[in-house]
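Student:
Laid out in structure tokens, this is it:
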């Protein structure tokens, strides 16, 4: 057989070899060729492609061992970033991607004597395009190269005809060589309806491919029955008593997780099953290699795998294969333009390949969990090629680089040519991302000019949008960081998952490493940099130390190493284009929060138009729903669960709730209050709390004791009584030595704790908050008269015996500045900036007295306006000053705070209250979290039933909508692994904060799932500015009087200059401005687009030029970010029925300076600006007034009541909504309004 194989290869240009799984074609045929050429002293260089990295590596190792060669000498491999070859290597195993990139770059195959394409039944895009390239090169400049195609399960006739050659004007198919099956071992196949005596057979649905719980249970019953089969077989072979391995094929990671959980449950715990997972997401070296190692004595190895184990790799000792006959395929919906992983029935080819994993070293059994008639009649013979069902972006770009013909013509020569609709949609996506551009004003449906950005995309082994992210990082001056971000999206997750499933702890870990950036990929960037820093400082100096560090922090070491290798690979590839980190004195440096900001901007540019904002709601209805759901509880601190049995006394289990949430959230049990719709037990915990101002107190004199931030501080009352009490406490505590504590006091006990003052120890009152460790160690305390937390030794605490001191309530109370929050302009993470802290301190120090004007008191915190009075008795409002200086922005107080304020504001209502009623409301001002002590829950063994609760939920959970017009009605889910999987909406100002997603997949017709998300800072107008900055084209919208801009239509634009029909209507974005966008903003955005275009041109990439462009871009981005803009309400705008149509305005409406602006290769053409008329302030005010009257007229009369209104236009007063409506529709008002609007135009 060996001689026949060599002979047919030597005498033909292309040979197709079909051999059953396990026949040795992958390992032996390349060695046959190698041996034959060495004997003849002929030059030989063989390359063999494999569909998966794990296959290429394991086969290269196997062949090296068979020939007694060291890996990387005569035999080597190259997969992605890993390479084990040398100048001596003559047989290289590689992934399909590696060979394809090589051939596209060289445009010939002459570096090899033999090209072997293995497992060609897999038919992914890379393989189909590689087949096309190989065929074209054979016909042009590489005819002497031998090409061998191999697989166990292919339509050999189809491949033979595809590689036909012309002999005497006749097309002769390529020769087919079939290797007969070796009959050493028998494989018996059983179908679902043939498996008897295991109970009822689960149902299988043709129309709804899925795995039910009954199917999982049936699978476990089969595994149980294998013990009896092994015993019977072992009786025949007296030397064997082994429980052989089971390989189970499942469609995806979630099905693997479900079966893993089921088989590892307590029900199966004594069955000695050694479960392991074979999946690309399992990034742990140990887990992958465990598949190839023997299990413990007496255990049965059970491998849960996707189709990663389907081809080319041999898992040892597999006697049994259980095949659910399912797979997940990436499909593309040409209607919605969305990709989705669809659960489908596998093809017969897939199932035959899977069956071939057994019967190699022993007899094998295959259990297909579908009926035989189902397998024969329903399953397709072959899998649908990926080129027919998935986007073609990288294929088209490679076709452009190859430049043998235009993409439509070249791809028409594929083994299975893609549909024209798929090709057209791909071209649109490439134009949207900037890889292709149309020439002039002509729209090309199936082609476009390749840009420099497109050339880079075609070279990098990444998704096109990730490549764009890296290029934007380059021109923004953050290349290294952008490479890390992009690479992190292309590899497995660096964060550990428990059994491949996201948990609360993994979410918390990811959130922690995001450092307030609200970005998944920035979290990974921070992890990577910390890992590199630990290695550089030699705190990680061995593999074991690295592994321990990763496990301690919840990371996966292999994923980090893969990320590092990919970062290096991308960096090297970019250097070929002259793209590298800028160096020099003028290089751009982004520091602190601005670094995260520029990375977020780059992400927004790369993943346009995957833009999402919160769905706006009626504020009053929204607030009412929250109040109805949570009563008076603070929604920012409250979640709720559904499904509690009403007959069960909830307070008995409250302690258990505390334990569960404390464990998973990492917070103290005593900080968790459980509110149930039943009477709670009374508390015996002592109430240690300050005397808070009553409902009828508005102003209080303050003496600030401890400043936490400009928005929060501890204070005491600045009056004689308080200062006298403070003096008495200090005198008594420090007059004579205090006794040491002889026992461990309870939490919340008042004790004396020392503070160093003027080189001596002074004792103050404190309360014990938490024991950090056993007695003799550390204790967390709060100085209750100064509002300072401290951690001191337990031995330094002293007992207070004086009842006088113990009777005095804590003097310090916490204060927050009301209705403001830190401005994102100075700190993007929502923290107070250093400049704001210095400003606040300055205002406090130069005062004569300080007053607090109370807005509300909630959870023992006084929310107030801080008023300072100087020596001249001039008052100064600190809240207003912080907003005016730009250190803070106004926000609406939360619902509980508003409720308390409404009580305080109604003085007459307070005066009418009874003493008991007033005490009730004043008691609600206190924080009760630390006053609650629940009973111990019943023991688990004493419980007779369990209940599954639904939740947790929050009424503040944000509902997102996509900005693109085609997908506005779809429901949005954020992937559970994302730091943004929980989005709570505490902003009643309805700001349009932007969320960016790297990828969106359609889980069903109405749901989109967002992955790798970034939530941008809450800077007013940022969503609009970024959309205008990165949209391929934009048309502004203005009000009917053309006095101000109202929004813009963004997208690829119209099909020509005369029609309003869009090129890519589903991806158009109609954005309404929530801040005032002026002509100056449009000019700045055009400057940004100009410098981005210039920096993207690879022929302009000298170091001096790039640094110049980067500095220009930085200055513009910071200017756009820091400029204060007047907010506006889009709901006040007139309804424009044509706002979503292109060519809305004709030529004379546009300013002349930017009409002719397109340069060849520009991916961001400059925007045309609408010319605006001068604003008549008086008229605008009157029109705004009329709009407000119209809105008021249609309010609910039951809510508004008998309201009075005055029409300024007609100088008429009305009483009640009915009278107002009558007036607005009167002839007099209609005539006056008509005249006003005529004047405005």
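Residue numbers (this note's numbering): 5 to 1245.
Backbone N, C-alpha and C fix where the C-beta goes; we use that ideal spot for every residue, glycine too.
Please read all numbers here as calculations on a predicted model, not as lab measurements.
1. As a quick exercise: from 1115, 1054, 1079, pick the residue whose alpha carbon is nearest that of residue 1246.
2. Decide if residue 1222 is buried, meaning its Cβ has at least 16 other Cβ atoms within 10 Å, or exposed.
3. According to DSSP, which residues form a beta bridge with residue 462?
4. Within a Cβ cutoff of 6 Å, which residues of the same chain sit near residue 908, ignoring the five residues on either side of it in sequence?
5. Put residue 269 into one of helix, strand or coil per three-state DSSP.
6. Report the residue from 828, 103, 373, 869 whose alpha carbon sits nearest the alpha carbon of residue 134.
7. Can the beta-carbon of residue 25 be found closer than 8 Å to that of residue 156?
8. Residue 446: which of 1080, 1067, 438, 1122 sits nearest, CA to CA?
9. Would you kindly work out how many angstroms separate the C-alpha atoms of residue 202 and residue 980, rounded to a whole number?
10. Does the segment 1081-1089 come close enough to the segment 1170-1190 that 3 or more CB-CB pairs lie under 8 Å?
11. Between residue 1209 and residue 1142, what straight-line distance do the alpha-carbon atoms span, to the nearest angstrom?
12. In chain order, what residues of the same chain have a beta carbon less than 7 Å from the beta carbon of residue 387, not counting five sequence neighbours either side?
13. Does DSSP classify residue 1059 as helix, strand or coil?
14. How many Å lie between residue 607 and residue 1139 at the Cα?
15. In the DSSP assignment, what residue or residues form a beta bridge with residue 819?
16. Are there 16 or more other CB atoms within 10 angstroms of the CB of residue 521, so buried, or fewer, so exposed?
17. Below 8 Å, how does it come out for the segment 880-898 and the segment 835-847: are there three or more Cβ pairs, yes or no?
18. Looking at the structure shown, is residue 288 part of a helix, part of a strand, or coil, going by DSSP?
19. So, using beta-carbon positions, are residue 1278 and residue 430 closer together than 8 Å?
20. Is residue 88 helix, strand or coil when you go by DSSP?
21. Residues in the same chain with beta-carbon distance under 8 Å from residue 1, minus the five sequence neighbours each way, listed in chain order, please.
22. Give a yes or no on whether the C-beta atoms belonging to residue 280 and residue 323 are separated by under 8 Å.
23. For the alpha helix (DSSP H) containing residue 11, name the first residue and the last one.
24. Since residue 379 and residue 369 are thought to touch, with beta carbons under 8 Å apart, how far apart are those beta carbons, to the nearest angstrom?
25. What does the Cβ neighbour count give for residue 717, buried or exposed, with the cut at 16 atoms within 10 Å?
26. Here's the rule: buried if 16 or more other CB atoms are within 10 angstroms of the residue's CB, otherwise exposed. What is residue 559?
27. Could you check which residue in 600, 542, 476, 930 has the C-alpha nearest to that of residue 527?
28. Could you name the residues that DSSP lists as bridge partners for residue 640?
29. Classify residue 1207 as buried or exposed, calling it buried when 16 or more other Cβ atoms lie within 10 Å of its own Cβ.
30. Going by other Cβ atoms of all chains shown within 10 Å of its Cβ, with 16 needed for buried, is residue 911 buried or exposed?
31. Go ahead and pull the three-state DSSP assignment for residue 223.
32. Helix, strand or coil: which one does DSSP assign to residue 368?
33. Below 7 Å CB to CB, which residues in the same chain sit around residue 376 once its five sequence neighbours on both sides are set aside?
34. Excluding sequence positions up to five away, which residues of its chain have a Cβ less than 6 Å from the Cβ of residue 8?
35. Could you tell me which residues DSSP puts in a beta bridge with residue 966?
36. For the alpha helix (DSSP H) that contains residue 885, what are its first and last residues?
Tutor: A quick look at the data gives this:
1. Only positions 5 to 1245 of the chain appear in this structure, which leaves residue 1246 out of reach.
2. The residue labelled residue 1222 in the question sits at position 1218 within the chain shown. Residue 1222 comes out exposed.
3. If you number the chain shown from 1, residue 462 lands on position 458. Paired residues: none, contrary to the question.
4. The residue labelled residue 908 in the question sits at position 904 within the chain shown. If we look at residue 908 and ignore the five residues flanking it on each side, its Cβ neighbours are 699.
5. Position 265 of the chain shown holds residue 269. Three-state result, residue 269: coil.
6. On the chain shown, residue 134 is found 130 positions in, with the first residue counted as 1. Per the Cα distances, 103.
7. In the chain shown, counting from the first residue as 1, residue 25 sits at position 21. In the chain shown, counting from the first residue as 1, residue 156 sits at position 152. Yes, these two residues count as a Cβ contact at 8 Å.
8. Your numbering for residue 446 matches position 442 in the chain shown. Considering only alpha carbons, the answer is 1067.
9. Position 198 of the chain shown, counted from the start, is the residue given in the question as residue 202. Position 976 of the chain shown, counted from the start, is the residue given in the question as residue 980. Taking the straight line from one Cα to the other gives about 37 Å.
10. yes
11. In the chain shown, counting from the first residue as 1, residue 1209 sits at position 1205. In the chain shown, counting from the first residue as 1, residue 1142 sits at position 1138. The alpha-carbon atoms of residue 1209 and residue 1142 are separated by roughly 34 Å.
12. Here residue 387 refers to the residue found at position 383 when the chain shown is read from its first residue. Around residue 387: 127, 351, 353, 354.
13. The sequence position of residue 1059 within the chain shown is 1055, counting from 1. Coil at residue 1059, not helix or strand.
14. Position 603 of the chain shown, counting from 1, holds the residue named residue 607. Position 1135 of the chain shown, counting from 1, holds the residue named residue 1139. If I take the Cα positions, the gap works out to 33 Å.
15. Locating residue 819 in the chain shown gives position 815, where the first residue counts as 1. According to DSSP, which records beta bridges pairwise, residue 819 is partnered with 717, 866.
16. To locate residue 521, count along the chain shown from 1; it is residue 517. Under this definition residue 521 is a buried residue.
17. yes
18. Position 284 of the chain shown holds residue 288. Interpretation of residue 288 is limited by its pLDDT of 47, a score under 50 that renders its predicted location unreliable; the figure taken from the coordinates is listed afterwards. Residue 288: coil per DSSP, three-state reduction.
19. No answer is possible for residue 1278: the residues shown for the chain start at 5 and end at 1245.
20. The residue you call residue 88 lines up with position 84 of the chain shown. Strand, per DSSP.
21. Since the first residue shown for the chain is 5 and the last is 1245, residue 1 is missing from the structure and cannot be characterised.
22. The residue labelled residue 280 in the question sits at position 276 within the chain shown. The residue labelled residue 323 in the question sits at position 319 within the chain shown. In this structure, residue 323 does not lie closer than 8 Å to residue 280 by Cβ.
23. To locate residue 11, count along the chain shown from 1; it is residue 7. First-last of the alpha helix (DSSP H) with residue 11: 6-14.
24. Taking the first residue of the chain shown as position 1, residue 379 is located at position 375. Taking the first residue of the chain shown as position 1, residue 369 is located at position 365. So it is not a contact: roughly 16 Å between Cβ atoms.
25. Indexing the chain shown from 1 puts residue 717 at position 713. Looking at its Cβ environment, which holds 16 or more other Cβ atoms inside 10 Å, residue 717 is buried.
26. Residue mapping note: residue 559 aligns to position 555 of the chain shown, counting from 1. By the neighbour-count rule (16 or more Cβ atoms within 10 Å), residue 559 is buried.
27. Looking up residue 527 in the chain shown gives position 523. Looking at the Cα atoms, 600 is the closest of the given residues.
28. Along the chain shown, one-based indexing puts residue 640 at 636. In the DSSP output, where bridge partners are listed per residue, residue 640 has none listed.
29. Residue mapping note: residue 1207 aligns to position 1203 of the chain shown, counting from 1. Exposed, since its Cβ has fewer than 16 Cβ neighbours within 10 Å.
30. Numbered from its first residue, the chain shown carries residue 911 at position 907. So residue 911 ends up on the exposed side.
31. The residue given as residue 223 occupies position 219 in the chain shown. Helix.
32. Here the question's residue 368 lines up with position 364 in the chain shown. DSSP places residue 368 in strand when its eight states are reduced to three.
33. Taking the chain shown and counting its residues from 1, one reaches residue 376 at position 372. Contacts found: 195, 197, 198.
34. Position 4 of the chain shown, counting from 1, holds the residue named residue 8. Closer than 6 Å at the Cβ level, and outside the excluded window around residue 8, lies no residue.
35. The residue labelled residue 966 in the question sits at position 962 within the chain shown. Per DSSP, 616.
36. Position 881 of the chain shown holds residue 885. That run of the alpha helix (DSSP H) goes 882-888.
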